[in-house]
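**Q** Provided herewith is a single structure, encoded as structure tokens, for subsequent inquiry.
Numbering (this note's numbering), first residue to last: 26 to 197.
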């Protein structure tokens, strides 16, 4: 299926208020790239509180052009369908890694654990110190740091995701 300029390839995850799809942005002359599209679950699509939370997540995250935070590219509507387009991190989240290690009877190497913790803390520091385009502090607090919201890229990146519960002092 298709949402705006994005072809939805497969569902990656379903959360409390939204679902996330691996998608391909379709451009001119055959240009395309992989990304993630996050949509509000249909049962919440007409609930003003959930819609505002979704829009707030986009407003907060788009201000964060930081190496350890998943970037938001787009907030748009396709008919009544509101969606976010975000950076795709090719890899897995920390929760999946923990489950896979446990199933195999393995412990992740301490060096790898320390690296993930260090990079996660960098992302939190960047987010908490972030300023808007006018130089004003965002006053951002993530409020939902969990293993499922820390993404591990195959290329060694560690990125925070899901700022849906974040709070900030940005203007509306």
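Using N, Cα and C, we set each Cβ at its ideal position, and we do this for glycine too.
Hey, could you find the ends of the beta strand (DSSP E) residue 2 is sitting in?
**A** Not covered by the structure: residue 2. The range shown for the chain is 26 to 197.
**Q** What does a CB cutoff of less than 7 Å around residue 117 pick up in its chain, not counting 5 residues either side in sequence?
**A** As a working note, residue 117 is residue 92 in the chain shown. Counting only Cβ-Cβ distances below 7 Å, and skipping sequence neighbours, we find 177.
**Q** Looking at the secondary structure, which residues open and close the alpha helix (DSSP H) in which residue 179 lies?
**A** Position 154 of the chain shown, counted from the start, is the residue given in the question as residue 179. Note, residue 179: premise wrong, no alpha helix (DSSP H); not H, not E.
**Q** Assuming contact is defined by CB atoms lying nearer than 8 Å, are residue 43 and residue 74 in contact in what I supplied?
**A** Within the chain shown, residue 43 is the residue found at index 18, counting from 1. Within the chain shown, residue 74 is the residue found at index 49, counting from 1. It is not a contact, given that the beta carbons lie outside the stated cut-off.
**Q** Span of the alpha helix (DSSP H) holding residue 135?
**A** The residue you call residue 135 lines up with position 110 of the chain shown. Unbroken alpha helix (DSSP H) run through residue 135: 135-154.
**Q** With a 10 Å radius around its C-beta and 16 neighbouring C-beta atoms as the bar for buried, classify residue 126 as buried or exposed.
**A** Position 101 of the chain shown holds residue 126. It counts as exposed.
**Q** Rounded to a whole number of angstroms, what is the C-alpha to C-alpha distance between residue 29 and residue 164?
**A** In the chain shown, residue 29 corresponds to position 4, counting from 1. In the chain shown, residue 164 corresponds to position 139, counting from 1. Those two C-alpha atoms are separated by around 32 Å.
**Q** According to DSSP, simplified to helix, strand and coil, what is residue 44?
**A** Numbered from its first residue, the chain shown carries residue 44 at position 19. Residue 44 falls in the strand class under three-state DSSP.
**Q** Just mark residue 161 as buried or exposed, buried being the case when its beta carbon has 16 or more other beta carbons within 10 Å.
**A** One-based indexing of the chain shown puts residue 161 at position 136. Burial call: exposed.
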